[in-house]
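In terms of my numbering, the sequence shown is numbered consecutively and its last residue is 316. The beta-carbon is built from N, C-alpha and C at its ideal position, and this holds for glycine as well. Bear in mind the structure is a predicted one, so any value in this text is a computation, not a measurement. Step one of this worksheet: look at the structure below.
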Amino acid sequence: GVFAVAFFARPVGGFLLGLIGDRYARTLSLQISVVAMGISALIISILPTNSVGSYAIGPTATVLIVIVRVVQGLSVGGEMVGSMLYMVENVPPKWKLTVSCVPMASAIAGTGTGYLISAIITGSLSEEQRLLWGWRLAFALGVPAGAVGFMFRTCLSESHSFSSAIKKFRHRHQNQHPFFYALKMEPLALVVLSLLSMVVCGYYAATIWYNQAWLEEFYTELIGPTLGLTELQGRILNTFLIYFGLAGGSMVTAVIIDTRGSKVPLFYFIAVSGSFLVILTPVFLWLMSFGNRCYACVVGGQLGGMLFFLPTIAPLA
0 GVFAVAFFAR PVGGFLLGLI GDRYARTLSL QISVVAMGIS ALIISILPTN SVGSYAIGPT
60 ATVLIVIVRV VQGLSVGGEM VGSMLYMVEN VPPKWKLTVS CVPMASAIAG TGTGYLISAI
120 ITGSLSEEQR LLWGWRLAFA LGVPAGAVGF MFRTCLSESH SFSSAIKKFR HRHQNQHPFF
180 YALKMEPLAL VVLSLLSMVV CGYYAATIWY NQAWLEEFYT ELIGPTLGLT ELQGRILNTF
240 LIYFGLAGGS MVTAVIIDTR GSKVPLFYFI AVSGSFLVIL TPVFLWLMSF GNRCYACVVG
300 GQLGGMLFFL PTIAPLA
């Protein structure tokens with residue numbers, strides 16, 4: 000529940016920070032999101048626990064961490080949407096797909112980095128140390144990352160396309176907010192687009208978490224104990240496949256579509272690769288089930304799934 004609550008907050012964060020970005024500035028919403036993420040990480044890293052250690056404060060700790068996780072979810076939701084919009088508005092149309100995939104690939108690489116840090120902590124500390132204080136290290140590392148991110152974002156300027164477009168809109172529509180104007184003039188279109196966005200985001204979440212979170216459990220909990228993969232080996236293997244298969248592969252896929260597939264509708268890539276992914280997933284899982292008896296089979300199974308997965312998610316950006 001504490002883990003999931005942030006995911007429910009993400010759409011709300013995208014909406015709220017989107018309103019700020021449209022009304023005031025894209026750069027302002029991006030600064031707010033990175034500061035909120037950094038402060039949330041800092042608070043979690045020093046927050047007392049519910050029942051573990053001498054600094055436990057009981058149920059109050061649970062309430063506090065839920066609040067902080069909500070703030071995290073709000074900021075992450077606004078971060079992804081805001082960064083994609085900002086980058087797309089600053090490049091020629093030819094490269095919009097490639098550039099819009101950069102935040103997504105960065106988020107995927109960030110998840111891989113999280114798994115790598117988790118692997119290092121798991122391999123370096125005992126279980127008791129991890130429960131008492133080791134789990135805080137990963138959150139503490141997010142604090143300087145947030146500070147660096149904020150420093151860079153204070154140097155950003157608004158794109159010419161956004162500045163000119165919002166200036167014209169405000170002049171024509173008496174300084175109304177773009178969202179509320181759209182809600183008033185085209186309510187049905189706004190509802191349809193919102194529903195389509197929910198479907199697309201649901202598909203993205205289901206598939207992306209298959210390739211990250213579930214496979215983490217697959218390596219460390221399901222096939223590891225029976226087929227000889229240690230927890231550390233499983234985490235490291237999954238981490239590097241996330242880096243090179245998902246993060247790097249999504250950028251390569253986007254570049255290929257931008258340079259070679261401009262005449263082909265994007266839904267074609269989504270439909271074809273998605274169909275192959277559904278059909279071939281049992282084969283990929285079978286290859287991965289070999290464990291330490293055939294590392295090439297495990298790697299081939301996961302990379303095969305990613306190969307058909309990437310043309311499905313890249314156009315969604």
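Straight-line gap, residue i to residue j (C-alpha atoms, nearest Å)
i, j, result
"Ile119", "Leu130", "15 Å"
"Leu124", "Gly244", "29 Å"
"Asn49", "Arg171", "55 Å"
"Met197", "Val254", "26 Å"
"Leu182", "Ser32", "25 Å"
"Val298", "Gly247", "16 Å"
"Val75", "Val11", "10 Å"
"Phe239", "Trp134", "21 Å"
"Val90", "Leu63", "41 Å"
"His176", "Leu279", "47 Å"
"Ile107", "Leu29", "19 Å"
"Ser288", "Ile235", "17 Å"
"Ala275", "Leu302", "Before going on, a small fix: residue 275 reads as Phe here, not Ala. Computed Cα separation, rounded: 14 Å."
"Ala350", "Lys95", "What is shown of the chain runs 0 to 316, which leaves residue 350 out entirely."
"Met305", "Phe7", "26 Å"
"Thr121", "His159", "47 Å"
"Thr258", "Glu157", "27 Å"
"Gly145", "Met36", "7 Å"
"Gln232", "Tyr242", "16 Å"
Residue range of the alpha helix (DSSP H) that includes residue i
i, result
"Cys100", "95-123"
"Pro92", "Pro92 -> no alpha helix (DSSP H), and no H or E assigned at all."
"His170", "159-171"
"Thr26", "25-45"
"Trp134", "134-152"
"Tyr180", "177-184"
Classification of residue i by the beta-carbon crowding that lies within 10 angstroms, buried from 16 upward
i, result
"Glu78", "buried"
"Phe179", "exposed"
"Tyr114", "buried"
"Val147", "exposed"
"Ala55", "exposed"
"Cys154", "exposed"
"Gln173", "exposed"
"Met86", "buried"
"Pro102", "buried"
"Ala188", "exposed"
"Thr252", "buried"
"Met184", "exposed"
"Met250", "buried"
Contact test: residue i Cβ vs the ligand ZN heavy atom, cutoff 7 Å
i, result
"Pro47", "In the structure shown, the ligand ZN is absent, as is every other ligand, since no ligand is present at all."
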